[in-house]
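Visitor:
There are 2 protein chains.
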Amino acid sequence: MTEKRRGKATITEVAKLAGVSTSTAGRVLGDYGYASEEIRLKVRRSAERLGYRPNQIARSMITGRTRTIGVVAGDIQSPFYAGIMRGISDVARQAGFGVILTNSDESAELESEAVKLLLGKQVDGLIVAPSEMGDAAHLRRAVRDGIPVVQVDRVVKGLKAASVTIDNRAAARQAVAMLLAAGHRRVGILAELEHRSRSEIRELMAQVRSGNTDVRAMFPTWPRFLGYLDAHEEAGIPVDFDLVARVGTYSSAQARRLVAELLSGPSRPSALFTADGLMTASAVAAVADLGLSIPGELSIIGFDDLDWMSFYGRGITAVAQPLTEIGETAARLMLEMLGGGRKALRDLVLPAALNLRGSVEAPPR
Amino acid sequence: MTEKRRGKATITEVAKLAGVSTSTAGRVLGDYGYASEEIRLKVRRSAERLGYRPNQIARSMITGRTRTIGVVAGDIQSPFYAGIMRGISDVARQAGFGVILTNSDESAELESEAVKLLLGKQVDGLIVAPSEMGDAAHLRRAVRDGIPVVQVDRVVKGLKAASVTIDNRAAARQAVAMLLAAGHRRVGILAELEHRSRSEIRELMAQVRSGNTDVRAMFPTWPRFLGYLDAHEEAGIPVDFDLVARVGTYSSAQARRLVAELLSGPSRPSALFTADGLMTASAVAAVADLGLSIPGELSIIGFDDLDWMSFYGRGITAVAQPLTEIGETAARLMLEMLGGGRKALRDLVLPAALNLRGSVEAPPR
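Note that the protein sequences, when read in sequence, are chains A and B.
What the first sequence shows, in this note's numbering, is residues 1 to 365, in sequence order.
What the second sequence shows, in this note's numbering, is residues 366 to 730, in sequence order.
Dropping the structure here:
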């Protein structure tokens with residue numbers, strides 16, 4: 001806990017230059033406790049002359065770097081973040097870093113509070129799954145203040161931070177292409193997507209294809225939906241928008257109802273692509289409610305691979321994100337940034353796997 | 366951030382009484398930075414005379430309360446802790462408290478590191494699922510230093526801390542009693558239990574029944590096993606120890622193998638009680654591997670209710686712990702302790718529910 005940055009003066013040196021005690025210097029630079037205006041000035045000038053930013057001094061005064069990484073998860077009740085945390089913790093621990101975790105509930109406001117809390121706890125850097133990819137003023141401020149930030153799962157537009165993501169669009173395209181290749185012509189999608197009109201979706205698709213829109217700065221369900229459209233286009237099969245079941249809020253009950261409607265209606269799909277683990281569980285539950293069989297009456301591929309998918313019926317074919325690896329990679333990038341070794345920010349995109357099981361077969365005649 | 370406890374002296378008063386500067390008093394009581402032995406003595410004596418415990422002064426010196434609760438989970442990859450965290454966060458947030466979470470991986474050493482990390486981050490109190498119920502020196506030290514501690518899921522023997530648990534033994538007894546009442550005479554149990562001989566188990570049972578052993582200070586699988594024994598005794602059905610499948614390490618693959626052996630052997634059980642969610646998943650997977658049907662060829666009741674259990678086959682009957690409520694209650698106890706309103710430590714035991722689904726029927730003839 002007393003690690004010093006090489007080639008940098010200690011708080012004692014700053015205090016000496018200012019002609020005050022070490023604890024006074026610490027108080028001034030840490031911005032707590034009493035010190036006269038005159039002393040404040042002296043200490044700050046000494047700190048400047050020694051080339052230190054006040055915040056770093058204050059932080060390093062007592063224990064050097066705090067050797068702590070702060071993490072903001074979108075939803076710690078999701079196995080997704082649990083897997084990522086596993087990876088972060090393992091790498092951090094090996095390097096002698098502690099990890100403290102907070103939760104944003106996918107709310108920009110709570111995320112901003114969480115970042116404030118973590119910075120108040122003097123973490124050395126932040127690993128964040130940004131809940132809002134546009135403004136994110138709190139993250140921009142943190143970056144401006146010199147806090148290293150690594151983003152996971154998605155990125156804030158134009159934020160000067162590193163990132164670890166997967167290619168959601170390509171993985172979804174591959175999954176849907178497999179359903180189409182099995183002979184399905186009516187492939188539905190169940191996804192948490194805020195409503196957009198067909199013309200808005202066409203426009204979005206055009207923007208993405210022109211390279212003007214970074215899909216990593218979208219909530220991951222969107223690139224997955226784009227992958228669904230891609231696969232149809234590649235196969236020359238028009239998308240029937242009646243097969244697109246959108247879920248406004250992230251609710252299992254609502255998703256279950258939507259699937260029941262989709263499967264009971266006149267234009268029933270013969271296959272379904274579910275865009276995350278909760279959607280897959282909801283779809284499978286709805287199918288069970290209706291007494292239909294998988295894959296006999298409905299083929300399914302899900303995004304995100306959960307434990308029960310390996311033993312449910314003949315198994316559910318699923319896209320597996322490399323969760324632990326995402327976490328490990330994010331932690332390594334963070335350590336790299338804290339070490340100061342590499343200057344360029346890195347954006348890493350990891351591959352996802354399609355785990356083949358027994359939930360896909362040719363459509364019934 | 367400058368909240369003061371009513372009716373207590375400030376650090377300034379301690380310093381004044383000791384005849385030293387406030388920052389020197391803070392340094393001594395916070396245990397950092399230099400101070401001569403003579404000064405240390407003076408400051409500590411003043412603190413004692415004013416009735417303060419040193420750490421609290423040091424902590425309140427800089428920013429008063431930090432309005433943060435630190436949580437140590439046993440395994441954040443488990444839905445169990447995720448549910449508890451949800452409850453803690455919701456209550457804490459409403460009271461204007463932030464929550465930071467760390468993980469012990471059920472290791473006493475890592476738990477000790479986590480506690481150190483959280484106290485270094487100046488949390489106001491700790492909510493912990495103790496990974497080790499005997500020594501736990503780091504928790505005893507925290508309590509001695511005046512840090513309020515609330516334990517969840519299990520308790521450290523004789524620790525002066527509050528607790529929120531469920532009655533694991535009663536809930537397991539109820540579940541196994543239901544299997545016995547359905548007519549099963551050969552009810553197996555799959556549980557993560559370190560090995561003990563039958564005579565050791567008999568001795569443990571005798572100790573528990575004599576009231577000399579607090580089952581809350583055991584890893585929860587043990588009281589669940591005791592509940593399994595209770596139910597047999599109440600029904601007057603002898604326990605066949607060949608039906609007790611122990612899992613030394615917490616591994617799904619090993620549990621799956623054990624169940625496969627149990628079900629393929631000559632003395633196959635007609636029903637199975639699985640003592641946690643991972644054990645239930647492993648058992649169900651093993652049953653699927655063997656092509657057996659639930660409940661036709663094997664009845665099952667699991668401890669812990671996971672999402673897939675509601676839609677797997679005819680549904681898996683399961684004991685549901687009130688996870689969110691455990692977390693909410695723990696947070697409320699913590700706020701109560703921090704508020705200083707109630708002096709007595711509270712040990713709350715919440716009821717669990719048995720969610721009846723379609724995995725139990727009479728044994729095949």
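By construction, the Cβ of each residue, glycine as well, lies at the ideal position given by its N, Cα and C atoms.
Could you tell me whether any Cβ in chain A is nearer than 9 Å to the Cβ of B/Ser401?
Guide: Chain A contact via Cβ: absent.
Visitor: Start and end of the alpha helix (DSSP H) containing A/Asn212?
Guide: Unbroken run through A/Asn212: none, as it is neither H nor E.
Visitor: Run the CB neighbour count on B/Gly630, radius 10 Å, all protein chains shown included, and call it buried at 16 or more, exposed below.
Guide: Exposed: under 16 other Cβ atoms inside 10 Å.
Visitor: Is B/Ile602 helix, strand or coil by DSSP?
Guide: Three-state DSSP puts B/Ile602 in coil, outside helix and strand.
Visitor: Give the interface partners of A/Met85 over in chain B, defined as CB-CB distance under 8 Å, in chain order.
Guide: Correct list: Ile441, Gln442, Asn468.
Visitor: Is it the case that the Cβ atoms of A/Thr419 and A/Gly302 are separated by a distance below 9 Å?
Guide: This structure leaves residue 419 of chain A out entirely; chain A is present only between 1 and 365.
Visitor: Pull up the DSSP beta-bridge partners for A/Val71, would you.
Guide: Answer by DSSP bridge pairing, in chain order: A/Leu101, A/Ile127.
Visitor: Quick one: which chain A residues come within Cβ less than 7 Å of B/Lys486?
Guide: Here the neighbours are Ile100, Lys121.
Visitor: Helix, strand or coil: which one does DSSP assign to B/Ser675?
Guide: Three-state DSSP puts B/Ser675 in a helix.
Visitor: Kindly confirm or deny that the stretch 159–176 of chain A and the stretch 203–220 of chain A touch, where touching means at least three C-beta pairs closer than 8 Å.
Guide: Yes, since at least three Cβ pairs between the stretch 159–176 of chain A and the stretch 203–220 of chain A fall closer than 8 Å, the two stretches touch.
Visitor: Kindly say whether B/Phe638, judged by its beta-carbon, lies nearer than 9 Å to any beta-carbon of chain A.
Guide: Chain A, which has no Cβ nearer than 9 Å to the Cβ of B/Phe638, makes this no.
Visitor: To the nearest angstrom, report how far apart A/Gly183 and A/Leu298 are at their CA atoms.
Guide: Roughly 12 Å separates the two Cα atoms.
Visitor: Chain A beta carbons: is any one of them nearer than 9 Å to that of B/Gly391?
Guide: Yes, its Cβ sits closer than 9 Å to a Cβ of chain A.
Visitor: Whole angstroms are fine: how far does the CA of A/Ser282 sit from the CA of A/Ser293?
Guide: Whole-angstrom Cα-Cα distance: 15 Å.
Visitor: Which value, in whole angstroms, describes the spacing of the CA atoms of B/Thr389 and B/Leu713?
Guide: C-alpha separation (whole angstroms): 42 Å.
Visitor: Determine contact between the stretch 141–157 of chain A and the stretch 229–238 of chain A, defined as no fewer than three beta-carbon pairs at a distance below 8 Å.
Guide: Flag = no, the stretch 141–157 of chain A and the stretch 229–238 of chain A do not touch.
Visitor: Since A/Leu180 contacts A/Val187 with CB under 8 Å, what's their CB separation in whole angstroms?
Guide: So it is a contact: roughly 6 Å between Cβ atoms.
Visitor: Which of helix, strand or coil does DSSP assign to A/Ile39?
Guide: Helix.
Visitor: Between A/Glu113 and chain B, is there a C-beta pair that is closer than 9 Å?
Guide: Yes, because at least one Cβ of chain B sits closer than 9 Å to the Cβ of A/Glu113.
Visitor: Can you list, in chain order, the residues of its chain whose CB lies under 7 Å from that of B/Ile449, leaving out five sequence neighbours each side?
Guide: Hits under 7 Å: Val517, Leu688, Ile691, Gly692.
Visitor: So, under 8 Å CB-CB, A/Ala92 and A/Tyr81 are touching, yes? Tell me the CB distance rounded to an integer number of Å.
Guide: Actually they are not in contact, since the Cβ atoms of A/Ala92 and A/Tyr81 sit about 15 Å apart, beyond 8 Å.
Visitor: Please state whether DSSP places B/Ser386 in a helix, a strand or coil.
Guide: B/Ser386 falls in the coil class under three-state DSSP.
Visitor: Thinking just about the alpha-carbon of each residue, which of A/Leu41, A/Val99, A/Arg44 is nearest to the one in A/Ala331?
Guide: Looking at the Cα atoms, A/Val99 is the closest of the given residues.
Visitor: Consider the Cβ of A/Arg357: report whether some Cβ of chain B lies at a distance smaller than 9 Å.
Guide: Judged by the 9 Å Cβ criterion, A/Arg357 is not in contact with chain B.
Visitor: Which residue marks the beginning of the beta strand (DSSP E) containing A/Ser89, and which one marks its end?
Guide: That residue, A/Ser89, is in no beta strand (DSSP E); its alpha helix (DSSP H) goes 79–94.
Visitor: Under 9 Å, do A/Val164 and A/Leu350 count as touching if we go by C-beta distance?
Guide: Their beta carbons are under 9 Å apart, which means A/Val164 touches A/Leu350 by this criterion.
Visitor: Step through the CB atoms of chain A and report whether any lies within less than 9 Å of the CB of B/Tyr677.
Guide: Taking Cβ atoms only, chain A reaches closer than 9 Å to B/Tyr677, which makes this a yes.
Visitor: Could you give the DSSP three-state label for B/Gln686: helix, strand or coil?
Guide: If DSSP states are grouped into helix, strand and coil, B/Gln686 belongs with coil.
Visitor: Helix or strand or just coil, what does DSSP make of A/Gly327?
Guide: The answer is helix: DSSP assigns A/Gly327 an H, G or I state.
Visitor: Nearest to A/Val143 by CA position, among A/Met337, A/Ala15, A/Ala352, is which residue?
Guide: Measuring from the Cα of A/Val143, the nearest candidate turns out to be A/Met337.
Visitor: Under 8 Å Cβ-Cβ, which residues of chain B neighbour A/Leu180?
Guide: Per Cβ cutoff of 8 Å: no residues; A/Leu180 is ~27 Å from chain B at best.
Visitor: Provide the residue span of the beta strand (DSSP E) that contains B/Asp712, from first to last.
Guide: Looking at the DSSP string, the run of the beta strand (DSSP E) that includes B/Asp712 is 712–715.
Visitor: Are the CB atoms of A/Ile189 and A/Phe273 within a distance shorter than 9 Å?
Guide: In contact: A/Phe273 and A/Ile189 (Cβ atoms closer than 9 Å).
Visitor: Taking the beta strand (DSSP E) that B/Ala718 belongs to, which residues open and close that run?
Guide: Element bounds for B/Ala718: 718–720.
Visitor: Can you give me the C-alpha to C-alpha distance between A/Pro363 and A/Val287, rounded to a whole angstrom?
Guide: Cα-Cα distance, rounded: 16 Å.
Visitor: Residues of chain B with CB under 7 Å from A/Ser89, in chain order?
Guide: In chain order: Asn468.
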